[in-house]
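Just so we're aligned, residue 3 is where the sequence shown starts under this note's numbering, counting upward by one.
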Amino acid sequence: MADNVASLFRGTAAHSPSMAALARESDGVGPIDFCIPCNPYFPTPGMFDELAGRLREIITYYPSSADTITAELCALLQLPPSCVAMGNGSTELITWIDHLLVRESLAIPVPTFGRWTDQPMETGKRVDMFPLMESNGFALDPAQYIEFIRARGTRVAVICNPNNPDGGFLSRRAVVNFMDQLQDLDLIVIDESFLEFADAESDPSVVEEAVLRPNVIVLRSLGKNFGLHGIRFGYLVANPALAGKIRSMLPKWNLNSFAETVVFMLKEHGAEYMESLHLVRRDRLDMARQLSALPGLTVYPSQGNFLFVRLPVGAEGTVVRGRLLSEHRILVRECGNKIGSSSRFLRLVVRPETDVRRLVSGMEQVLYGSRRGAAVPELGTGTSYSSGTAAVDRLISETNGVGMPLAAQAAAMPSLPPAQTWPGPAPAQAPTGMPGLVPAPAPAAAMMPPQQQPAARMPAPAPPQQQPMPAVAQMPGVAQMPGVAQMQPAPQMQPAAQMMPQAPPMSAVAQMAQMAQAAQAQAQRQQAPIPAVAQAPSPAAQAQARSMQPPPQAPAMPAMAPAPAAGLGQTGMPGLRNRGLTAAQVRGRTEPEPAPQPTGWPAAGAMYNQVG
Numbered sequence: 003m004a005d006n007v008a009s010l011f012r013g014t015a016a017h018s019p020s021m022a023a024l025a026r027e028s029d030g031v032g033p034i035d036f037c038i039p040c041n042p043y044f045p046t047p048g049m050f051d052e053l054a055g056r057l058r059e060i061i062t063y064y065p066s067s068a069d070t071i072t073a074e075l076c077a078l079l080q081l082p083p084s085c086v087a088m089g090n091g092s093t094e095l096i097t098w099i100d101h102l103l104v105r106e107s108l109a110i111p112v113p114t115f116g117r118w119t120d121q122p123m124e125t126g127k128r129v130d131m132f133p134l135m136e137s138n139g140f141a142l143d144p145a146q147y148i149e150f151i152r153a154r155g156t157r158v159a160v161i162c163n164p165n166n167p168d169g170g171f172l173s174r175r176a177v178v179n180f181m182d183q184l185q186d187l188d189l190i191v192i193d194e195s196f197l198e199f200a201d202a203e204s205d206p207s208v209v210e211e212a213v214l215r216p217n218v219i220v221l222r223s224l225g226k227n228f229g230l231h232g233i234r235f236g237y238l239v240a241n242p243a244l245a246g247k248i249r250s251m252l253p254k255w256n257l258n259s260f261a262e263t264v265v266f267m268l269k270e271h272g273a274e275y276m277e278s279l280h281l282v283r284r285d286r287l288d289m290a291r292q293l294s295a296l297p298g299l300t301v302y303p304s305q306g307n308f309l310f311v312r313l314p315v316g317a318e319g320t321v322v323r324g325r326l327l328s329e330h331r332i333l334v335r336e337c338g339n340k341i342g343s344s345s346r347f348l349r350l351v352v353r354p355e356t357d358v359r360r361l362v363s364g365m366e367q368v369l370y371g372s373r374r375g376a377a378v379p380e381l382g383t384g385t386s387y388s389s390g391t392a393a394v395d396r397l398i399s400e401t402n403g404v405g406m407p408l409a410a411q412a413a414a415m416p417s418l419p420p421a422q423t424w425p426g427p428a429p430a431q432a433p434t435g436m437p438g439l440v441p442a443p444a445p446a447a448a449m450m451p452p453q454q455q456p457a458a459r460m461p462a463p464a465p466p467q468q469q470p471m472p473a474v475a476q477m478p479g480v481a482q483m484p485g486v487a488q489m490q491p492a493p494q495m496q497p498a499a500q501m502m503p504q505a506p507p508m509s510a511v512a513q514m515a516q517m518a519q520a521a522q523a524q525a526q527r528q529q530a531p532i533p534a535v536a537q538a539p540s541p542a543a544q545a546q547a548r549s550m551q552p553p554p555q556a557p558a559m560p561a562m563a564p565a566p567a568a569g570l571g572q573t574g575m576p577g578l579r580n581r582g583l584t585a586a587q588v589r590g591r592t593e594p595e596p597a598p599q600p601t602g603w604p605a606a607g608a609m610y611n612q613v614g
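Pasting the structure below:
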């Protein structure tokens, strides 16, 4: 498989080859799947046995009409059939929503599910993409999103809740308020394809609101929840006029016999389904704990059945994905082709603990070599088919966000005795500068706001010849986007010296200034500064550079750490630290997780009360 990995990914229009294609390349046995977000606990083995026993009948005969299958599903979910349209997967429904109800423009936060950006563009619509900021943990601010929609004059707004790929979640109250504020729009779509896996609140769905509103559609998936992507079935809920308009345009027999068989089996397996959701939520918390222990890996809070992770500095997603597949038979979702993401991000599906141990072991070997904590692989070459890495992201990764190449920064840092460098047991556990995940708790001074940190923790300011890197909001064409002007550089861009537990003596600070000056002069000869993003130093910084005296406080560069956000712990960073990880950080919960009490098949608006 190793020789064909790259060609398999280049040769598909989707983000990954199908499992059938991968199986054909490896003697009929596919890899462990951390890519496709399925429920691994449903259907039960007994249900699969029943489907296998009826296979000949299922594939020989036509299914019943879509109305018959929809009526059975509505009886289970306690929804009126006139308000529901079933499709051959949620993608078919997105296609018809675009054709019938989107006239000129659609707004969507990015990164997100690709069909919400690609489908309207394919039919000539304007797609207004609202960027979710990494510095804010990819959390969606509904107020800023509404501002963006008003400024753009967009007529259709979409929210994915939870969002794919990051698992970001909005409470029911926030979603209802969003719909209230935009009730004059042509259409609002709330994509709840992964909401069954959420447990941040007991009743997060807005399906009941959709039935009563003239311009709201709620989209739901069945393949993801039931672990049956191959069957292709999903549904939408809306007022009878909207649902009827979609339903009237769907092809005859758009639902297949497998979909019909499963829908009619479900009424006997409600308890098993609710138990499967409970197990996925449990595994999500355990998987986040294990992944967050990997040095330099950032894990973002998720309410879906997947986790969004950022790779350590220097690791490139297509290289990691290829080696995991060819060397460890593990398939992951590299997110370089998602608008608003890059190849430094992976989406990893929640799986049982045995599979997670194999994933963690494989990632340790790929990222760190033969021993944990070793250097990560360099940026891969020959991977231009991963098109999502933004120029700004590459620029920041090359300069570590301070306008100075990484090699020059390393040369400018003085050597300290091991006892003064890191509090952990081994240098391999040193922080990599990535947000959120650090191998050992940072000293109290390192967590202070920049203006309160001891002056000796930062190197001397750059001389006048070297221009510091401005914040992303100062770059031309970026500040105009709502939410970007307030964005601060991600915490991984802090110089490593800022994380040192003890301040060097004054003589060491002076030495640092001299070394920084020499290193930056050498960097200038090797790489010219970028005028488009240059920013003149302040008069005070120039005076300090000429005197070569240690500054009284940290240099006047933008703050490197975002403000603390709810549910993200005390670090104020978007990711999850690998020490003290709690369920609240992963899921937004503060109360103990209730024990499952399956009591039969749940209604659509109350199915979350069974497990929590």
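Note that the Cβ used here is the ideal one computed from N, Cα and C, for glycine as well.
If you're wondering where the values come from, they're calculated on a predicted model, not measured in any experiment.
Assigned exposure category for residue i - 16 Cβ within 10 Å defines buried
i, result
"Asn-580", "Low confidence applies to Asn-580: its pLDDT is 39, below 50, so where it sits in the model is not reliable, and the reading given next is rough at best. Classification of Asn-580: buried, given that the 10 Å Cβ count is 16 or more."
"Phe-150", "buried"
"Met-289", "buried"
"Ser-207", "buried"
"Leu-75", "buried"
"Pro-303", "buried"
"Gly-371", "exposed"
"Leu-214", "exposed"
"Arg-698", "Summary: the structure shown does not reach residue 698, with the chain confined to residues 3 through 614, and so no result is reported for it."
"Pro-216", "exposed"
"Tyr-63", "exposed"
"Glu-106", "exposed"
"Asp-186", "exposed"
"Ser-259", "buried"
"Ile-61", "exposed"
"Arg-58", "exposed"
"Ser-250", "exposed"
"Ala-243", "exposed"
Rounded C-alpha distance that separates residue i from residue j
i, j, result
"Met-123", "Ala-73", "34 Å"
"Phe-310", "Gly-169", "7 Å"
"His-67", "Phe-115", "A quick correction: the sequence has Ser, not His, at residue 67. Looking at the two C-alpha atoms, the distance is approximately 30 Å."
"Ala-245", "Leu-81", "12 Å"
"His-280", "Asn-227", "12 Å"
"Glu-210", "Cys-40", "26 Å"
"Asp-205", "Arg-174", "7 Å"
"Gly-360", "Gly-316", "Checking the sequence shown, residue 360 turns out to be Arg, not Gly. Rounded to the nearest angstrom, the two C-alpha atoms are 23 Å apart."
"Gln-454", "Ser-137", "A caution first: Gln-454 carries a pLDDT of 45, below 50, which makes its placement in the model unreliable, though a value can still be read off. Cα to Cα, Gln-454 sits roughly 21 Å from Ser-137."
"Trp-118", "Ser-343", "15 Å"
"Val-368", "Gly-91", "35 Å"
"Gly-298", "Ala-77", "49 Å"
"Gly-236", "Gly-55", "25 Å"
"Gln-183", "Val-321", "44 Å"
"Lys-254", "Ile-71", "12 Å"
"Phe-266", "Leu-53", "12 Å"
"Leu-108", "Met-181", "15 Å"
"Glu-198", "Val-351", "15 Å"
Beta bridge counterpart(s) of residue i as assigned by DSSP
i, result
"Pro-122", "Answer by DSSP bridge pairing: none, since Pro-122 is not bridged."
"Glu-336", "Leu-348"
"Asp-35", "Leu-333"
"Tyr-237", "Met-88, Arg-222"
"Val-112", "Pro-133"
"Cys-162", "Asp-193"
"Arg-128", "Ser-107"
"Phe-308", "Val-351"
"Val-301", "Val-311"
Nearest-angstrom Cβ-Cβ length linking residue i and residue j, presumed shorter than 8 Å
i, j, result
"Ile-192", "Ile-161", "5 Å"
"Ser-323", "Glu-336", "According to the sequence shown, residue 323 is Arg rather than Ser. Yes, Arg-323 and Glu-336 are in contact; Cβ-Cβ is about 4 Å, under 8 Å."
"Arg-222", "Glu-262", "Incorrect: roughly 18 Å between the Cβ atoms, too far for contact."
"Leu-102", "Ile-219", "Wrong, their Cβ atoms sit about 11 Å apart, outside the cutoff."
"Pro-164", "Phe-140", "Rounded, the Cβ-Cβ distance is 11 Å, inconsistent with contact."
"Pro-111", "Lys-340", "Rounded, the Cβ-Cβ distance is 12 Å, inconsistent with contact."
"Leu-252", "Gly-89", "7 Å"
"Ile-332", "Ile-34", "5 Å"
"Val-282", "Tyr-43", "7 Å"
"Met-188", "Arg-157", "Rather than Met, the amino acid found at residue 188 in this sequence is Asp. So it is a contact: roughly 4 Å between Cβ atoms."
Three-pair Cβ contact test at 8 Å for the stretch 277-296 versus the stretch 127-145: no
Would you check if the stretch 95-103 and the stretch 134-145 touch, i.e. whether three or more CB-CB distances between them fall below 8 Å? No, because fewer than three Cβ pairs between the stretch 134-145 and the stretch 95-103 fall closer than 8 Å, the two stretches do not touch.
Please confirm if the stretch 266-281 is in contact with the stretch 40-50, defined as three or more CB-CB distances below 8 Å between the two stretches. Yes, the stretch 266-281 is in contact with the stretch 40-50.
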